[in-house]
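Chains as they are written, first to last, in our numbering: chain Y, 28 to 212; chain L, 175 to 316.
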């Protein structure tokens, strides 16, 4: 009995120590080494000082890409938007399906299909400001992040989108939108 | 044996007493640092007066650090953004307000998941990054 109580006591002490050791991660606000490269990917400079046209073109291209505007502060040139989209992947679903079938054949239960990606929300944040050098041109910088839910409605992935292709696509759309706005289309 | 039973009873009663006292509302207002100490690690003064330029530089810094800016307000001088760290969300608010006629005060507060960041080193990392962005801005690099 005494040993049992001793065991419980040790257990409690360990729990207290373990919970006391929870610390917040460090170093997450350190500047990454490639931050200037990242700026190049996320940024384009347009040869106009008409910030108003660029801001409405940004809103226009976001609408073209089926985003809805969440917030804006035009005095600072900020536009925030988000979009809900399909995140399912046929390849991932096929593998999950066969894994489920195999485990069923083996007599065990599994739910790989439930862990497949289903929907995603992509958030975009765009900053429009005059160039620092002469103020005669306009800088546009965009950043994207996404949250992915699986079929079981659990969050399966959260990430910042760093694929240059996505950014290129956005800026191609923006160039077209600036042209369309200029021609009042 | 009787004393052992008594011990158990006392244990049970204390557990109930502790559980009964648990209100979780005040947990949201708990900080481990004092108010003054917290302000000193979260705030820096900069020798510049252009609030808009400072806010745009803060936004650039947040973007350099992988944050997506969610909200900003020029009059209030606030910028809010978030980024992901593994599966946790890091949320940050930066406020900029004038101090006297020649300086701007920048205050940052960050939260990871449900935990507030109260560690001086982390805030210093942010101010180092902001310092670099201000240097680039001073040299007219967008």
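Glycine included, every Cβ here is placed at the ideal spot set by N, Cα and C.
Since this is a predicted model, take the numbers as computed values, not measurements.
- Going by DSSP, residue 123 (chain Y) is part of no beta strand (DSSP E) but of the alpha helix (DSSP H) stretching over 117–132.
- By alpha-carbon distance to residue 205 (chain L), the top candidate from L:284, L:299, L:298 is L:284.
- Using a CB distance cut-off of 9 angstroms, residue 72 (chain Y) counts as an interface residue toward chain L.
- By the rule that beta-carbons nearer than 9 angstroms mark a contact, residue 172 (chain Y) touches chain L.
- Secondary structure at residue 229 (chain L): helix, using DSSP grouped into helix, strand and coil.
- Proximity to residue 294 (chain L) across L:200, L:212, L:189 peaks at L:212, based on C-alpha coordinates.
- Close to chain Y, meaning a Cβ-Cβ distance shorter than 7 angstroms, are the following residues of the region 230–247 of chain L: 230, 233, 237, 238, 239, 240, 242, 243, 244, 245, 246, 247.
- Here DSSP, grouped into helix, strand and coil, assigns residue 52 (chain Y) to coil.
- If you draw a straight line from the Cα of residue 182 (chain L) to the Cα of residue 197 (chain L), it comes to about 25 angstroms.
- Listed in chain order, the positions of the region 172–194 of chain Y with a beta carbon within less than 7 angstroms of a beta carbon of chain L are 172, 185, 186, 187.
- The alpha carbon of residue 282 (chain L) has as its nearest neighbour, out of L:261, L:254, L:273, the alpha carbon of L:254.
- Around residue 200 (chain Y), the same chain offers 88, 91, 92 as residues with beta carbons nearer than 7 angstroms, after the five sequence neighbours per side are excluded.
- Taking a 10 Å sphere around the C-beta of residue 173 (chain Y), we find 16 or more other C-beta atoms and assign the residue as buried.
- Flagged as an interface residue toward chain L: residue 154 (chain Y), by a C-beta distance shorter than 9 angstroms.
- With respect to chain Y, the C-beta atom of residue 311 (chain L) has a partner C-beta closer than 9 angstroms.
- Look at residue 304 (chain L) here: in three-state DSSP terms it is helix.
- As the crow flies, the alpha-carbon of residue 183 (chain Y) is around 19 angstroms from that of residue 288 (chain L).
- Under the 9 angstroms criterion on CB atoms, residue 97 (chain Y) is classed as interfacial with respect to chain L.
- Taking a cut-off of 8 angstroms for Cβ pairs, the region 129–142 of chain Y and the region 249–264 of chain L do not touch, as fewer than three such pairs fall below it.
- The residue among Y:70, Y:154, Y:75 with its C-alpha nearest the C-alpha of residue 193 (chain Y) is Y:70.
- In chain order, 282 place their CB closer than 6 angstroms to the CB of residue 300 (chain L), counting only its own chain and leaving out the 5 sequence neighbours on each side.
- One thing to note: residue 277 (chain L) has its Cβ no nearer than 9 angstroms to the Cβ of residue 231 (chain L).
- Just so you know, the alpha carbons of residue 72 (chain Y) and residue 165 (chain Y) end up roughly 6 angstroms apart.
- The C-beta of residue 108 (chain Y) has 16 or more other C-beta atoms within 10 Å across all chains shown, which makes the residue buried.
- Residues of the region 48–63 of chain Y that bring their beta carbon within less than 9 angstroms of a beta carbon in chain L comprise 49, 50, 51, 52, 53, 54, 55, 56, 57, 58, 59, 62, 63, in sequence order.
- With contacts defined as CB atoms closer than 9 angstroms, residue 228 (chain L) and residue 220 (chain L) qualify as a contacting pair.
- Residue 207 (chain L) and residue 268 (chain L) have their C-alpha atoms roughly 19 angstroms apart.
- Shown here, residue 296 (chain L) sits in a helix according to DSSP, grouped into three states.
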